[in-house]
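Asks: Supplied in structure tokens, the structure appears directly below.
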Amino acid sequence: MYPTPTFKTRKSVPPRIADWPIAQQYAERLRGTVVACGPGFRLASWPDVPATRITALSRWLISPRYIAVHMTAAWIWGACYQPGEPTVLTRGGRISSGRERSGATYRIGRIAESEIHTLAGFSVSTPLRTAYDLLRTQGRFDTRERAAVRLLAFGRLEELRARASRCSPSEGKLIRTRLEALYGAARPLP
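Each residue of the sequence shown is one higher than the one before, counting from 4 in my numbering.
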């Protein structure tokens, strides 16, 4: 008798609060409409999920060539509580002086297309690539980074070990040492 309604399945994208005037952002925060989300803001009505988190970083990810990496990507994937200072990788070209003063760390580098995931129109390194980057980064590898690697690489330990065997000797040794500290010597995940 009546036609069956057709429902359009459309993925909605969180609004980019960073595009609003600064005064409006803070006024909405005082009203409770907008809440802090890492270094940015999100609407209180939106859930705290990866698409919302990456949209909160839209001020730093203004071009498709910018990719959220390291602890920033770990935060987007939900593997840590706060992203700290946003870390962004740029593919090709140079970093403009305006970007250098934006409150984020910009790095020039290469990353395979297969290791990039797009959420809400912005790019982030995949969870496995993020874990690999955290393992191979020189310097700090404390509780925060350890927890992030364990969450990001859950069930994919052998892939990380295989990747460590294909990189440079010094980098591979660092990764294997950190993996042994996290999981023990060459034992599989339970």
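C-beta atoms are modelled at their ideal positions from N, C-alpha and C, and glycine is treated no differently.
1) Can you tell me whether DSSP reads Ile70 as helix, strand or coil?
2) Could you check what DSSP says for Ala167 in three-state terms: helix, strand or coil?
3) Kindly give me the distance between the Cβ atoms of Ala107 and Thr90, rounded to whole angstroms, as I take these residues to be in contact under 8 Å.
4) Could you work out which residue in Leu60, His73 and Arg147 is closest to Glu118 when comparing CA atoms only?
5) Any idea what DSSP makes of Val152, helix, strand or coil?
6) For Gly112, which residues from the same chain have a beta carbon less than 6 Å from its beta carbon, with the 5 sequence-adjacent residues on both sides left out?
7) Start and end of the beta strand (DSSP E) containing Ile111?
Replies: Straight from the coordinates:
1) Looking up residue 70 in the sequence shown gives position 67. Looking at Ile70 - three-state DSSP - the assignment turns out to be strand.
2) Position 164 of the sequence shown, counted from the start, is the residue given in the question as residue 167. Residue state, collapsed to three classes: helix.
3) For the purposes of this step, residue 107 is taken as the residue at position 104 of the sequence shown. For the purposes of this step, residue 90 is taken as the residue at position 87 of the sequence shown. Between Thr90 and Ala107 the Cβ distance is about 7 Å, and since that is below 8 Å, they are a contact.
4) Taking the first residue of the sequence shown as 1, we reach residue 118 at position 115. That would be His73, whose Cα lies nearest to the Cα of Glu118.
5) In the sequence shown, residue 152 corresponds to position 149, counting from 1. Note: Val152 maps to helix in three-state DSSP.
6) As a working note, residue 112 is residue 109 in the sequence shown. Excluding positions up to five away in sequence, the list reads Leu92.
7) Taking the sequence shown and counting its residues from 1, the one referred to as residue 111 is at position 108. Where Ile111 is concerned, the enclosing beta strand (DSSP E) stretches over Thr108 to Gly112.
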